[in-house]
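One structure is given below, encoded as structure tokens.
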Amino acid sequence: MGAAIGQSLPLAVGVLVSPLPIVAVVLMLVSERARSNALAFVAGWFLAVLAVVGVVALVAGSAVSDDDGPAAWTGWLKLVLGVLLLLLAVRQWRARPRGATEPPPPRWMAAIDRFTPPRSAGLGVLLGAVNPKNLLLVVSGGTAIAAADPGDTGATALAALVFALVASAGVVAPVVLYFATGDRAAGVLDELRSWMVRNNAAIMAVLLLVLATKMLGDGISVL
Numbered sequence: 252m253g254a255a256i257g258q259s260l261p262l263a264v265g266v267l268v269s270p271l272p273i274v275a276v277v278l279m280l281v282s283e284r285a286r287s288n289a290l291a292f293v294a295g296w297f298l299a300v301l302a303v304v305g306v307v308a309l310v311a312g313s314a315v316s317d318d319d320g321p322a323a324w325t326g327w328l329k330l331v332l333g334v335l336l337l338l339l340a341v342r343q344w345r346a347r348p349r350g351a352t353e354p355p356p357p358r359w360m361a362a363i364d365r366f367t368p369p370r371s372a373g374l375g376v377l378l379g380a381v382n383p384k385n386l387l388l389v390v391s392g393g394t395a396i397a398a399a400d401p402g403d404t405g406a407t408a409l410a411a412l413v414f415a416l417v418a419s420a421g422v423v424a425p426v427v428l429y430f431a432t433g434d435r436a437a438g439v440l441d442e443l444r445s446w447m448v449r450n451n452a453a454i455m456a457v458l459l460l461v462l463a464t465k466m467l468g469d470g471i472s473v474l
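If you want this note's numbering, it's the 1-based position in the sequence shown plus 251.
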């Protein structure tokens, strides 16, 4: 179990620091339904990440080699995921804004003020497990868990839970700050939102490059 958590932890941190979901939570916390929307978003996010990483880990872990080690195809899968992460890193870097200008936010952000808790939960699911960047990281995490503890269902389930908890820390932190300080958090949250929107592409490019290197190395080691 320790190996599975250790192998997947860097990928969980990659999901944790993904800027756009954090920005979404911050925007919800300054809307009329701040508490209910933010909690619904976090719940949707956590359950989506847990479901995807758990399913991937269990499915990949069911295919073990004759010597009870990771199957060779998990190594090839890691190589493919590493290449995809690398390509995504290059794309993010090329799309980064120049200068100090703040890039226009996605159109869905403008509608957050009108969100209800069910829509907030749905957005959490979309950003946590459907968004291509996060989906690649979560699938990579599930593959890493499976390769570390193949065939051990209990260890796999616990490692998937730890992965989802760590991956959710980024969207939970603004909610904790809001509940702890109330209206005083508005200024801090707004500064956080502006900084993350402005630096979203650069943050993700560097992060994806590091994680792509890790996945490629892990894939080569399996093969």
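Using N, Cα and C, we set each Cβ at its ideal position, and we do this for glycine too.
- In the displayed model, Thr464 falls within a helix according to three-state DSSP.
- Between Ala415 and Val306, the alpha-carbon positions lie close to 12 Å from each other.
- Counting only runs that start and end inside the segment 376-446, the alpha helix (DSSP H) elements of at least 4 residues fall at 383-399, 404-432.
- Per DSSP, the unbroken alpha helix (DSSP H) holding Trp296 starts and ends at 285-312.
- Spanning the alpha carbons of Gly392 and Phe297 requires a straight line of approximately 14 Å.
- Measuring C-alpha to C-alpha distances from Asp441 to each of Gly312, Val277, Ala289 identifies Val277 as the nearest.
- The alpha-carbon separation between Ala311 and Val376 amounts to approximately 22 Å.
- Here Ser313 is exposed, its C-beta having fewer than 16 other C-beta atoms within 10 Å.
- Thr394 counts as buried, since no fewer than 16 other beta carbons sit within 10 angstroms of its beta carbon.
- Annotated as proximal: Ala380 and Val303, with beta-carbon spacing under 8 Å.
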